[in-house]
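In the working numbering, the protein residues as written are 1 to 114.
A virtual CB, placed ideally from N, CA and C, is assigned to each residue, including glycine.
On a predicted model such as this, the values are computed, not experimentally measured, just so you know.
Before any comments, here is the structure.
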């Protein structure tokens with residue numbers, strides 16, 4: 001079945017960096033667009049970055065210029081490099097297909113705080 005396993009979150013000070021990783025399985029990874037999503041407390045889950053099967057990346061306005069999404073089709077992984085983190089980036093981060101499909105993974109918590 002479709003499965004996503006996210007890792008790499010943690011506590012970081014404002015201005016710091018983190019790199020998230022997602023391992024995916026159970027579907028034809030190399031022909032699907034993928035995305036990173038986040039859900040802050042009391043808010044809906046939103047998409048922050050997507051990458052097409054050809055590697056074209058798109059970003060939400062709030063993270064453009066600070067975040068970078070990448071994919072490795074051989075390893076079936078998708079990463080999200082996050083720089084110049086802000087307190088408003090605090091959320092649980094998830095990966096999935098774009099548009100989302102199947103059960104969501106556990107996510108990985110990112111907390112930006114001094």
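Cβ-Cβ separation, residue j to residue i (assumed contact under 8 Å), whole Å
i: residue 112; j: residue 85; result: 5 Å
i: residue 23; j: residue 77; result: 5 Å
i: residue 26; j: residue 1; result: 5 Å
i: residue 38; j: residue 46; result: 6 Å
i: residue 8; j: residue 21; result: 5 Å
i: residue 40; j: residue 90; result: 6 Å
Host beta strand (DSSP E) of residue i (start-end)
i: residue 27; result: Premise fails: residue 27 is in no beta strand (DSSP E) and is neither H nor E.
i: residue 113; result: Element bounds for residue 113: n/a, residue is neither H nor E.
i: residue 5; result: 3–7
i: residue 37; result: 34–39
i: residue 70; result: 67–72
i: residue 97; result: 91–97
i: residue 10; result: 10–12
Beta-carbon gap between residue i and residue j smaller than 8 Å
i: residue 97; j: residue 6; result: no
i: residue 18; j: residue 82; result: yes
i: residue 69; j: residue 53; result: no
Exposure of residue i, with buried meaning 16 or more beta-carbon neighbours within 10 Å
i: residue 74; result: exposed
i: residue 44; result: exposed
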